[in-house]
Amino acid sequence: MTFVAHTYKGDTVTSSIDTSSAVRAGGTERRTRQHLRDVFENAYRVAYPLLDSGQVLSGAGSAHFLRIVLHDAFPELQLQDIAILSVAIERVFRERSKSGNQ
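Written out as structure tokens, the structure is:
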């Protein structure tokens, strides 16, 4: 179990991430950008109000705005990482919305 702390707008959020699940299940970890997995839940919390407003999922310009919000919250990430993270966040938001599990 890995614990990750991230500060956003003065608040420190700590998340726990089970990085050994693939190994315990007999598989191998195929992800190459573990740092994105480490910040995903915090990034999702930052993006959620924007996603919930319905503005982002309605067009390409608003998807760009999501990337700006993520870059402001996580300035240490490279632009390619921000793009990957924003696509993943939108996909997870859609899935969680379908299941009613935000």
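179 is the number of the first residue of the sequence shown in this note's numbering; add one for each residue after it.
Using N, Cα and C, we set each Cβ at its ideal position, and we do this for glycine too.
Computed from a predicted model, the values in this text were never measured in an experiment.
With distances taken between CA atoms, HIS242 lies nearest to GLU268 out of GLU268, ARG223 and GLU219. Secondary structure note for GLU273: its alpha helix (DSSP H) is the uninterrupted segment 257-277.
Between ILE260 and ARG245, the CB-CB gap stays under 9 Å. Residue range 212-230 is occupied by the alpha helix (DSSP H) that includes PRO227. Here PHE252 carries a coil assignment [DSSP, helix/strand/coil]. The beta carbons of ALA266 and LEU214 sit closer together than 9 Å. Inter-residue distance for GLN258 and LEU248 is about 12 Å (C-alpha atoms, whole angstroms).
Closest by C-alpha distance to TYR222, out of SER275, LEU263 and GLY278, is LEU263. Between ARG274 and SER240, the alpha-carbon positions lie close to 20 Å from each other.
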